[in-house]
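Before any comments, here is the structure.
The following block contains the structure:
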């Protein structure tokens with residue numbers, strides 16, 4: 004594997020990680036709501052809820068500040084190092100990129116991310132996380 008291929012592979016791994024973060028944020032909210040109705044206690048574990056809220060908080064902050072996501076920046080830099088000027092590649096790479104990157108005015112993203120973040124924050128009221136482990140019953 005030559006150097007350009009290594010950079011391309013790393014860029015693809017960053018893209019896959021980025022998709023994983025998006026899926027965590029979107030499906031995490033769905034899991035919290037559905038899981039609470041189905042009695043899944045793990046969806047209210049503090050580590051999961053704080054990680055979920057923290058992730059969307061970073062996205063909202065980036066949107067409000069007009070900062071490009073560091074994962075996007077890293078991916079583009081790796082693609083440039085690989086000598087790839089634009090997206091190319093296989094089927095999966097194509098659709099993963101289409102899932103993440105939209106062409107819309109910045110205010111649309113700020114509004115959507117903020118509304119989604121507010122919804123995630125509201126789940127802390129509707130379905131409070133477990134702040135500490137309950138002692139075993141005797």
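In the working numbering, the protein residues as written are 4 to 141. Every residue gets a Cβ at the ideal spot worked out from N, C-alpha and C, and that includes glycine.
Using the DSSP secondary-structure output, state which residues sit across from residue 48 in a beta bridge. Here residue 48 corresponds to residue number 45 of the chain shown, with the count starting at 1. Its beta-bridge partners are 133.
Between the alpha carbons of residue 12 and residue 23, how many angstroms are there, rounded? The count along the chain shown starts at 1 and reaches residue 12 at position 9. The count along the chain shown starts at 1 and reaches residue 23 at position 20. Taking the straight line joining both Cα atoms gives about 16 Å.
Cα-Cα separation between residue 45 and residue 127, rounded to whole angstroms: The residue labelled residue 45 in the question sits at position 42 within the chain shown. The residue labelled residue 127 in the question sits at position 124 within the chain shown. If you take the alpha carbons of residue 45 and residue 127, they lie about 14 Å apart.
Skipping 5 residues on each side, what residues in its chain have a beta carbon closer than 6 Å to that of residue 112? The residue given as residue 112 occupies position 109 in the chain shown. Closer than 6 Å at the Cβ level, and outside the excluded window around residue 112, lie 66.
Answer yes or no: do residue 74 and residue 21 have a C-beta to C-beta separation smaller than 7 Å? Here the question's residue 74 lines up with position 71 in the chain shown. Here the question's residue 21 lines up with position 18 in the chain shown. Against a cut-off of 7 Å, the Cβ pair of residue 21 and residue 74 comes out as a contact.
For the alpha helix (DSSP H) that residue 23 lies in, which residues bound it at each end? Stepping through the chain shown from its first residue, residue 23 is reached at position 20. Residue 23 -> alpha helix (DSSP H) spans 6-41.
8 Å CB neighbourhood of residue 48 in its chain, flanking five on each side removed: Sequence index remark: in the chain shown, residue 48 carries index 45 (1-based). These residues qualify, in order along the chain: 132 and 133.
Here's a check: name, in chain order, each residue in its chain whose Cβ is nearer than 8 Å to the Cβ of residue 55, leaving out the five neighbours to either side. Counting from one through the chain shown, the residue named residue 55 turns up at place 52. Taken in chain order, the residues that qualify are 27, 28, 31, 32, 35 and 123.
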